[in-house]
Amino acid sequence: MIALLFGVMYFMMIRPQQKRRREAESMQSGLGPGDEVVTIGGLYGTVTGVEDDAVLLEIAPGVQTRYARPAIARVVTRAELPSEPVTEDADTVKD
Numbered sequence: 011m012i013a014l015l016f017g018v019m020y021f022m023m024i025r026p027q028q029k030r031r032r033e034a035e036s037m038q039s040g041l042g043p044g045d046e047v048v049t050i051g052g053l054y055g056t057v058t059g060v061e062d063d064a065v066l067l068e069i070a071p072g073v074q075t076r077y078a079r080p081a082i083a084r085v086v087t088r089a090e091l092p093s094e095p096v097t098e099d100a101d102t103v104k105d
């Protein structure tokens, strides 16, 4: 009976919490310049720099603040990756 109770506790409480923690850590480690984020305090900003344990956020034009990585709650929008340059030949359709 005790083993059954422990098994239920593991699958209902411990395992989902571990999954949320892994997702948060992967999100925080994947931050890069240009990402728009929200802190745990509700502050919106754009990532301008990434350090080992901190992130620099631009919260207004010319105003940068430094936050610990765990203080980032979520990423609102990811920075666009530079796309490959398109040549004119690829866009031109011959009749």
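Under the working numbering, the sequence shown has 12 at position 2, and the numbering climbs by one with no breaks. Note that CB positions come from ideal geometry on N, CA and C, so glycine has one too. Note that the coordinates shown come from a computational prediction; the quantities given were computed from them, not determined experimentally.
Query: How long is the line joining the alpha carbons of TYR124 and ARG25, rounded to whole angstroms?; Result: Outside the displayed range of the chain (11 to 105) lies residue 124, so it cannot be described from this structure.
Query: Do the CB positions of VAL5 and ARG79 come within less than 7 angstroms of each other?; Result: In the structure as shown, the chain begins at 11 and stops at 105. Residue 5 is therefore absent and cannot be evaluated.
Query: Which residues mark the beginning and the end of the beta strand (DSSP E) in which LEU15 is found?; Result: Element bounds for LEU15: not the beta strand (DSSP E) but the alpha helix (DSSP H), 12-19.
Query: Could you tell me which of VAL85, GLY72, GLY17 and TYR20 sits nearest to GLY52, measuring between CA atoms?; Result: VAL85
Query: Quick one: Cα of MET22 to Cα of PRO71, how far?; Result: 45 angstroms
Query: Rounded to whole angstroms, what's the CA-CA distance from ILE12 to VAL18? Just pull it up for me.; Result: 10 angstroms
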